[in-house]
Amino acid sequence: MLPISVAKVAEVIILARELDRAEPEFDGLVNALNAEEQAALVAIYWIGRGTYDADDLDEAMATATNEATTPTTEYLKGSPLLATHLEAGLDALGIDATEEEDRLIKPV
């Protein structure tokens, strides 16, 4: 079980796609996450880019927690493929964020 909701990850994905226009919103959202949620976000990103396998989620989260030297917002914004890697990480974990992304983009 991820310590971050799929809805929060989906919102980060959406904002990451529009980072040039939505950087303050991205920063606000990521900074509002607690430390465990931020570590999970980084771990999902790492899984999506192939640094870790989905089976290594706990190890990736521990590494993200123990080796964090840069603010999470700055670290994640350093990747031009952030949204793609987050989606791939969720997919590798067997989670589909499409419904959450659609709900956030097209509120009912």
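Each step along the sequence shown adds one to the number in our numbering, with nothing skipped, and position 100 is 80. Beta carbons are placed, not taken as given, at the ideal position from N, Cα and C, and that holds for glycine. What you are looking at is a predicted structure, and each value in this text was computed from that prediction instead of being measured.
By the neighbour-count criterion, in which a residue is buried when 16 or more other Cβ atoms sit within 10 angstroms of its Cβ, G28 is buried. Counting of Cβ neighbours within 10 angstroms places G69 among the buried residues, the total reaching 16 or more. Cβ neighbours of A(-4) within its own chain (closer than 6 Å, five residues either side excluded): L62, A63.
Taking C-beta atoms as the reference points, E17 and K(-12) count as a pair closer than 8 Å. By the 16-neighbour rule on beta-carbons within 10 angstroms, M(-19) is exposed.
Spatial neighbours of A72 in its own chain (CB-CB distance under 8 Å, excluding positions within 5 residues in sequence) are listed in chain order as I27, G28, D33, A34. Secondary structure of D38 (DSSP, three-state): helix. The C-beta distance from D0 to T53 rounds to 15 Å, too long to meet the 8 Å contact threshold.
Here Y55 carries a helix assignment [DSSP, helix/strand/coil]. Per DSSP, reduced to three states, the secondary structure at I(-16) is coil, with no helix or strand assignment.
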